[in-house]
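Chains as they are written, first to last, in my numbering: chain Z, 1 to 244; chain E, 1001 to 1244; chain Y, 2001 to 2244; chain L, 3001 to 3244.
Here is the structure we will look at, set down as structure tokens.
There are 4 protein chains.
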Amino acid sequence: MNIQIQNKINHPASKKVTVFSTLRDACSEDWAAYINHKFVQQLGDGSLPKKCFQHYLIQLYLFSKHYSRAYALAVFKSEHLDDLREAASHVDLQLNYEMALHVDYCAQWGIDMDQLDSWQESDANRLYTRYVLDQGMTGDLLDLLIALTPCSLGYAEIGSELLSDPATKITGNPYRAWIELHGGHEFQEGAQTMSQFVDRVAERRGISINDSTNKRWRSLKENFRTATQMESRFWEMGLHPPTL
Amino acid sequence: MNIQIQNKINHPASKKVTVFSTLRDACSEDWAAYINHKFVQQLGDGSLPKKCFQHYLIQLYLFSKHYSRAYALAVFKSEHLDDLREAASHVDLQLNYEMALHVDYCAQWGIDMDQLDSWQESDANRLYTRYVLDQGMTGDLLDLLIALTPCSLGYAEIGSELLSDPATKITGNPYRAWIELHGGHEFQEGAQTMSQFVDRVAERRGISINDSTNKRWRSLKENFRTATQMESRFWEMGLHPPTL
Amino acid sequence: MNIQIQNKINHPASKKVTVFSTLRDACSEDWAAYINHKFVQQLGDGSLPKKCFQHYLIQLYLFSKHYSRAYALAVFKSEHLDDLREAASHVDLQLNYEMALHVDYCAQWGIDMDQLDSWQESDANRLYTRYVLDQGMTGDLLDLLIALTPCSLGYAEIGSELLSDPATKITGNPYRAWIELHGGHEFQEGAQTMSQFVDRVAERRGISINDSTNKRWRSLKENFRTATQMESRFWEMGLHPPTL
Amino acid sequence: MNIQIQNKINHPASKKVTVFSTLRDACSEDWAAYINHKFVQQLGDGSLPKKCFQHYLIQLYLFSKHYSRAYALAVFKSEHLDDLREAASHVDLQLNYEMALHVDYCAQWGIDMDQLDSWQESDANRLYTRYVLDQGMTGDLLDLLIALTPCSLGYAEIGSELLSDPATKITGNPYRAWIELHGGHEFQEGAQTMSQFVDRVAERRGISINDSTNKRWRSLKENFRTATQMESRFWEMGLHPPTL
Chain Z
1 MNIQIQNKIN HPASKKVTVF STLRDACSED WAAYINHKFV QQLGDGSLPK
51 KCFQHYLIQL YLFSKHYSRA YALAVFKSEH LDDLREAASH VDLQLNYEMA
101 LHVDYCAQWG IDMDQLDSWQ ESDANRLYTR YVLDQGMTGD LLDLLIALTP
151 CSLGYAEIGS ELLSDPATKI TGNPYRAWIE LHGGHEFQEG AQTMSQFVDR
201 VAERRGISIN DSTNKRWRSL KENFRTATQM ESRFWEMGLH PPTL
Chain E
1001 MNIQIQNKIN HPASKKVTVF STLRDACSED WAAYINHKFV QQLGDGSLPK
1051 KCFQHYLIQL YLFSKHYSRA YALAVFKSEH LDDLREAASH VDLQLNYEMA
1101 LHVDYCAQWG IDMDQLDSWQ ESDANRLYTR YVLDQGMTGD LLDLLIALTP
1151 CSLGYAEIGS ELLSDPATKI TGNPYRAWIE LHGGHEFQEG AQTMSQFVDR
1201 VAERRGISIN DSTNKRWRSL KENFRTATQM ESRFWEMGLH PPTL
Chain Y
2001 MNIQIQNKIN HPASKKVTVF STLRDACSED WAAYINHKFV QQLGDGSLPK
2051 KCFQHYLIQL YLFSKHYSRA YALAVFKSEH LDDLREAASH VDLQLNYEMA
2101 LHVDYCAQWG IDMDQLDSWQ ESDANRLYTR YVLDQGMTGD LLDLLIALTP
2151 CSLGYAEIGS ELLSDPATKI TGNPYRAWIE LHGGHEFQEG AQTMSQFVDR
2201 VAERRGISIN DSTNKRWRSL KENFRTATQM ESRFWEMGLH PPTL
Chain L
3001 MNIQIQNKIN HPASKKVTVF STLRDACSED WAAYINHKFV QQLGDGSLPK
3051 KCFQHYLIQL YLFSKHYSRA YALAVFKSEH LDDLREAASH VDLQLNYEMA
3101 LHVDYCAQWG IDMDQLDSWQ ESDANRLYTR YVLDQGMTGD LLDLLIALTP
3151 CSLGYAEIGS ELLSDPATKI TGNPYRAWIE LHGGHEFQEG AQTMSQFVDR
3201 VAERRGISIN DSTNKRWRSL KENFRTATQM ESRFWEMGLH PPTL
């Protein structure tokens, strides 16, 4: 079995056409720049400087507050019980479970909570979260979710790609835990659930993957592209930690 | 020239298919109940008790604060310059021009500002404006505008219908000014501009009047129907002034 | 030990001065009308007609969707991690735990999910939730939380009062489970946590219970009073089920 | 008469203690860095490179869309008629009057509308407007207005300072129109009205300039400081036009 085929099997998002896969294909260059960013490559081969990863971890912590606010906004904007519940579980999971894990993980990398709370959001960080929140307030639930997909579904794709890529170093890679978390079964399942959430909301809002003539695709693509570019800039920020 | 033909000429909204006319036709029973409400009929033949009209005027004043907030929300939710400008002109017009006219008109009916500020919003009033505002926050610009159309476009249709209806009493009707305002050229033009605004936003949001299969029509109709029913309840409230 | 003293012991909210207790005392008549409403009395002595309670349960289910949206808005509007987490736990608890319990409880009262989803929000219901959501959007986190307290803290007080009132019938009372739930330890603790949440946010927003001269107390009281009156109307609605 | 005294006379904002002057004094270093930015100095002596000013003008045009949305949000968040009207007049003024003037002014500097609409918001631009909008959604009307003051009141102070500064070159300065607009009577009056608007809202929200112990001052100062720093970065951006 060659690596191409194995990749398809390991990569759930590529299995069928979804709103996410449609947007990803429509913005393939921006997507590739994000998914295969130098930061990701250096995570994969373990060459990423420690201070870059630490900077990334701190910014991700600051990011998660506003990311949670965005999912809370998704609850607020939900009209159907399944959407309310789906979004609500994200909000609680992030704030009352994953954030604690993240703080623990930061501790393993020598970052303590005092440091976490004393750092400022970087521009790349602030630009992305406030963009997502503004999309959510300006538009509807679909606009909000699309702005979130490059993060929630992109990380799953990156994890999956890294795990299935023979160039990835696992043994002795200081970033092994990061790779195995995001490539792992639980994270992949979460991504599929999110993708289905997006598809369900899209359908109710009149967007069908079988109808490419709908004029709203234009703004959805623009939204997806902008959010994807902002994710790339988040990686870029990671490569440039502030000198202390 | 028979009255049917005259009606068509005087009634711009009926001339062509718009998002508004599509929704109106889809909710024709609810629409008819609103447009031909007993309150409207009594405006037309001049038989409406004075205290009912006074109650209506007071509630309309209280209504206009939140109605203006809804148009302000439309500015906030606009992404294109033409939409921003269109909505902005409504906000200023209502708060800094029409409200003063309304206060003057109330004075002619023996209602002074002290009274205006001491009255409470009636349930029917509060239910409608808060519904519109919640639609606007939950959904996108189109959802917000659709919730507003039964008011902005319905009043124009009522005015036009009353003016062209031979049963309407003009001379000696104490409500003549109301009828002539809402049936008049300026108000009809404003309604056409609003209808075009809705059509433009709908198109950008992927809703075409030529594609009835779009699943979002369902929620748009539900929204339009709810707002229309709330307008009927506003008339109903007018018929039942509080006893003092 | 007389019942007065026992009442004080059982009634945690009365133990010390809080923002909630200050507002409750400032609106004591409206508060008493809500807490001692005929609906509550009939819960206590078991005389409430079954169809009234069923109507109430159905409306409470419809209420809980928008109540959860209000807590989601509290997450969105939180700037501090403790507030984010506190509000987030409410959102998930309500949507992914309590709602299921409520549906089970409804089933015990002969109401199935099909019925739940086919009922319309009553006016009293819709007026209250949309009021809370509009307060939250118009004001800050404190305005939002104050509009929620008559529900979250009032139900705890009602449960506690009923449990400690010798006139309350426990054995054989069909509403025993309701009384024991809301008067029980877990619910009382939840109310105390909510009260502390309100106090913490109030302090950050410049409201101190030791400074009664702050001009913002006026709008906070108005807000609390309106929300309390809307809770009374919710009970009133319960006493008047629609005839089918 | 020395220049110090003349300055006081020409500078209305300094005449009495306001919420704005209190915040400005509390953030005096950040404020000075903004008011006396190199970009401002080069406007004053006419040495600013043309391409810097053109870049600034284009970004200001893009800025004004979201700045208008922020004032629309102020309408939405207003509870009192005077606030509704004050904010509404800003929205309409900006979108339907000042924007046209700005487009004309851009034309004089060789920038046409096609260029205006093809440019992207710079980071410094986007960071500021989205910050203001997020403050407005997270907080109350006062939080929103405070985030706007460094722009609306700062530009008036800069204009006034430049006009009264003997180092300013008027005759032959290509930026003379800019200086005379912002230092002129109409703009100064507009700033005073805005400052009074802030004071009125602050008072209703429980903030008194005579009570420095109110804990909310802390977040108001933080807000003001952040917005002021973002204004400095807007100038900084102006100094670094993209190479084409």
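Note that CB positions come from ideal geometry on N, CA and C, so glycine has one too.
- Within the region 119 to 206 of chain Z, the complete alpha helix (DSSP H) segments at least 4 residues long are 123 to 138, 141 to 164, 176 to 183, 185 to 204, listed from N- to C-terminus.
- By the neighbour-count definition (other C-beta atoms within 10 Å, threshold 16), Tyr-3097(L) is an exposed residue.
- Between the alpha carbons of Glu-1079(E) and Leu-1153(E) lies a distance of about 23 angstroms.
- Contacts between Asn-1214(E) and chain Z, judged by CB atoms closer than 7 angstroms, involve Gly-206 in chain order.
- Counting other Cβ atoms within 10 Å of its Cβ, Gln-3135(L) reaches 16 or more and is therefore classed as buried.
- Here the alpha carbon of Asn-3173(L) sits roughly 12 angstroms from the alpha carbon of Pro-3049(L).
- Bounds of the alpha helix (DSSP H) holding His-2055(Y) are 2050 to 2076.
- Proximity of chain Y to Asp-1134(E) at the Cβ level (cut-off 8 angstroms) is accounted for by Arg-2130, Leu-2133, Asp-2134, in chain order.
- Nearest to Trp-2119(Y) by C-alpha distance, out of Glu-2157(Y), Leu-2057(Y), Asn-2214(Y), Asp-2082(Y), is Leu-2057(Y).
- For Trp-2031(Y), the three-state secondary structure derived from DSSP is helix.
- Where Lys-38(Z) is concerned, the enclosing alpha helix (DSSP H) starts and stops at 38 to 44.
- Contact with chain Z is found for Arg-3126(L), since one of that chain's Cβ atoms lies less than 8 angstroms from the residue's Cβ.
- Burial is judged here by how many other beta carbons sit within 10 angstroms of a residue's own beta carbon; Met-2113(Y) has fewer than 16 and is exposed.
- Per DSSP, the unbroken alpha helix (DSSP H) holding Asp-3104(L) starts and ends at 3099 to 3108.
- A contact is defined here as three or more CB-CB pairs under 8 angstroms, and the region 119 to 129 of chain Z meets this definition with respect to the region 219 to 239 of chain Z.
- The continuous alpha helix (DSSP H) containing His-1090(E) extends over residues 1081 to 1093.
- Counting C-beta atoms within 10 angstroms of its own C-beta, Pro-2166(Y) has fewer than 16 neighbours from the protein chains shown and is therefore classed as exposed.
- Neighbours of Gly-139(Z) in chain E, taken as residues at a C-beta separation under 7 angstroms, are given in chain order as Asp-1140.
- By the neighbour-count criterion, in which a residue is buried when 16 or more other Cβ atoms sit within 10 angstroms of its Cβ, Trp-31(Z) is buried.
- Inclusion of Ser-1089(E) and Asp-3092(L) in the CB contact set at 8 angstroms is warranted, their separation being smaller than that value.
- Judged by their CB atoms, Ser-1064(E) and Gln-1094(E) are nearer to each other than the 8 angstroms cut-off.
- With respect to the 8 angstroms criterion, Val-2019(Y) and Ile-2209(Y) are classified as neighbours on the basis of their beta carbons.
- About 24 angstroms separates the Cβ atoms of Leu-2162(Y) and Ile-2146(Y), ruling out a contact at the 8 angstroms cut-off.
- In this structure, Val-3075(L) and Ser-1160(E) do not form a Cβ contact; the two beta carbons are roughly 30 angstroms apart against a cut-off of 8 angstroms.
- By the CB criterion at 8 angstroms, Tyr-1175(E) and Leu-1043(E) fall inside the cutoff.
- Here Val-2019(Y) carries a helix assignment [DSSP, helix/strand/coil].
- For Leu-1133(E), the closest C-alpha among the options His-1066(E), Arg-1205(E), Gln-1108(E) is that of His-1066(E).
- Taking C-beta atoms under 8 angstroms as the contact rule, Cys-3052(L) and Pro-3241(L) qualify, at a distance of about 6 angstroms.
- The Cβ of Phe-76(Z) sits closer than 8 angstroms to at least one Cβ of chain Y.
- Secondary structure at Asn-3223(L): helix, using DSSP grouped into helix, strand and coil.
- Setting aside the 5 residues that flank it on each side, Cys-27(Z) is surrounded in the same chain by Lys-221, Phe-224, Arg-225, Thr-228, each with a C-beta closer than 7 angstroms to its C-beta; the list follows chain order.
- Of the candidates Ala-3033(L), Asp-3140(L), Ser-3212(L), Met-3230(L), Asp-3140(L) places its Cα closest to the Cα of Ser-2219(Y).
- Contact check for Ala-1070(E) against Leu-1181(E) fails: the beta carbons are separated by 8 angstroms or more.
- Excluding the 5 residues flanking it on each side, Ser-2195(Y) has same chain C-beta neighbours closer than 7 angstroms at Ala-2013, Thr-2018, Phe-2020, Leu-2153, in chain order.
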